[in-house]
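Numbering-wise (numbering that gives the first Met the number 0), the sequence shown opens with residue 0 and increments by one.
All residues carry an ideal CB built from backbone N, CA and C; glycine is no exception.
Some notes on the structure that comes next.
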Amino acid sequence: MKVWLKFSTKIINETIIADTIRKFDFDFNIMKADISPKGGKMLVEIKGPEENMAIQYLKETCVDVSIAKDVVIKDDSKCIDCGACVSLCPSNAISVMNDKTVVLDNNKCLFCTFCITVCPTKCIHPIL
Ligand code: SF4
Ligand code: SF4
Numbered sequence: 000m001k002v003w004l005k006f007s008t009k010i011i012n013e014t015i016i017a018d019t020i021r022k023f024d025f026d027f028n029i030m031k032a033d034i035s036p037k038g039g040k041m042l043v044e045i046k047g048p049e050e051n052m053a054i055q056y057l058k059e060t061c062v063d064v065s066i067a068k069d070v071v072i073k074d075d076s077k078c079i080d081c082g083a084c085v086s087l088c089p090s091n092a093i094s095v096m097n098d099k100t101v102v103l104d105n106n107k108c109l110f111c112t113f114c115i116t117v118c119p120t121k122c123i124h125p126i127l
């Protein structure tokens with residue numbers, strides 16, 4: 000699952016992520032990170048047999064954890080179904096349906112932001 004981890008200044012220098020990875024059996028993929036001495040946040044993918052235990056541990060160590068159901072959103076009212084984003088998407092999260100409309104599946108999204116950059120109508124936005 001994809002989750003946002005938010006860190007306050009109090010815990011920014013602690014080795015919470017490394018400790019969590021050592022303690023539990025799960026894969027940890029950082030998709031986006033914005034960390035500074037003032038705190039920060041990360042969008043990560045956590046997947047594996049002990050993912051729920053890892054998330055619980057992160058919550059107990061004062062990391063603000065929230066499930067990231069969607070990471071990008073496509074405004075269908077502005078999409079012109081040009082297909083420019085489809086071939087750039089590295090995870091096949093964007094595809095063309097039989098009726099030629101373009102759809103986006105957030106479950107497959109890696110948050111690379113290629114589609115956001117290329118879209119001529121700027122109809123794809125990150126959810127931050
Ligand atoms: S952000 Fe990247 S992975 Fe996600 S839909 Fe856009 S191109 Fe695909
Ligand atoms: S690039 Fe933008 S306008 Fe074109 S299909 Fe993708 S989301 Fe729609």
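Look up residue i in the DSSP assignment and say whether it is helix, strand or coil.
{"i": "ILE126", "result": "coil"}
{"i": "ALA83", "result": "coil"}
{"i": "ALA53", "result": "helix"}
{"i": "HIS102", "result": "The sequence given here places Val at residue 102; His does not occur at that position. It is a strand residue."}
{"i": "LYS129", "result": "Since the first and last residues shown for the chain are 0 and 127, residue 129 lies out of range."}
{"i": "ASP63", "result": "strand"}
{"i": "VAL117", "result": "helix"}
{"i": "LYS73", "result": "strand"}
{"i": "ILE93", "result": "strand"}
{"i": "ILE11", "result": "coil"}
{"i": "THR19", "result": "helix"}
{"i": "LYS68", "result": "coil"}
With a cut-off of 8 angstroms on the beta carbons, I'd call residue i and residue j a contact; round off their distance for me.
{"i": "THR120", "j": "ILE93", "result": "Actually they do not touch by this definition, with Cβ atoms about 14 angstroms apart."}
{"i": "VAL43", "j": "PHE27", "result": "6 angstroms"}
{"i": "PHE113", "j": "LYS31", "result": "Their Cβ separation, rounded to whole angstroms, is 14 angstroms, which puts PHE113 and LYS31 out of contact at 8 angstroms."}
{"i": "VAL71", "j": "ILE123", "result": "6 angstroms"}
{"i": "ASP24", "j": "GLU49", "result": "5 angstroms"}
{"i": "ALA53", "j": "THR19", "result": "5 angstroms"}
{"i": "LYS77", "j": "SER90", "result": "Not a contact, Cβ separation roughly 23 angstroms."}
{"i": "GLY38", "j": "THR8", "result": "5 angstroms"}
{"i": "LEU4", "j": "LEU57", "result": "7 angstroms"}
{"i": "VAL128", "j": "CYS84", "result": "Outside the modelled stretch of the chain, which goes from 0 to 127, sits residue 128, for which no answer is possible."}
Report the partner residues of residue i according to the DSSP bridge assignment.
{"i": "ASP26", "result": "LYS46"}
{"i": "MET41", "result": "LEU4, ALA32"}
Would a check of beta-carbon distances place residue i closer than 7 angstroms to chain C?
{"i": "VAL62", "result": "In the displayed structure, chain C is absent; only one protein chain is listed."}
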